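Numbering (my numbering), first residue to last: 311 to 456.
All C-beta atoms, glycine included, are put in the ideal place defined by N, C-alpha and C.
It should be emphasised that the depicted structure is a prediction, and the values quoted were computed from it without experimental measurement.
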């Protein structure tokens, strides 16, 4: 069974996605990418919102494949799932998003003002690319959700 390790750890479970659910996730992604570009927001907020767009892209991929996260650490488990689902070709990108996850946690819960403008710009660019990748990937593998 695919993703057996994550299932046995209680990190993910079987999930039947709907077209409406996917449309809702795409609306979240599009909103977050738009909001991340608002220069009047703090760098911390823009970073967190851009990160959320990337996370939701991962959620689209996961749900289209018939799974969802379960329990705690769902951000972490989303990227663990994607490592298995997308393969080693995407390791660097997923490691980058996972590092952004850690930074986002610090800026949301521990300290303000630690995110640089260059980090925000890079994450926005990568999140936009991942959004395009996700839409293309879905169109090729699971077009019923578009």
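CA nearest to the CA of residue i, picked from the options
i, options, result
"residue 449", "339, 371, 320", "371"
"residue 347", "382, 337, 312, 433", "433"
"residue 367", "454, 437, 350, 399", "437"
"residue 365", "428, 454, 441, 313", "441"
"residue 414", "383, 359, 399", "359"
"residue 352", "418, 406, 331", "418"
"residue 422", "340, 383, 354, 444", "354"
Rounded distance between the beta-carbons of residue j and residue i, thought under 8 Å
i, j, result
"residue 376", "residue 321", "That pair is no contact at about 15 Å."
"residue 391", "residue 316", "6 Å"
"residue 430", "residue 341", "Not really, about 17 Å apart at Cβ, beyond 8 Å."
**Q.** Whole alpha helix (DSSP H) elements within the stretch 313-363, 4-residue minimum
**A.** Listed in chain order, the complete alpha helix (DSSP H) runs (minimum 4 residues) inside the stretch 313-363 are 314-318, 329-346.
Q: Ignoring anything shorter than 3 residues or poking outside the stretch 360-388, list the beta strand (DSSP E) runs there in chain order.
A: 377-379, all fully within the stretch 360-388.
**Q.** Whole alpha helix (DSSP H) elements within the stretch 398-424, 4-residue minimum
**A.** DSSP runs (the alpha helix (DSSP H)) wholly in the stretch 398-424: 401-419.
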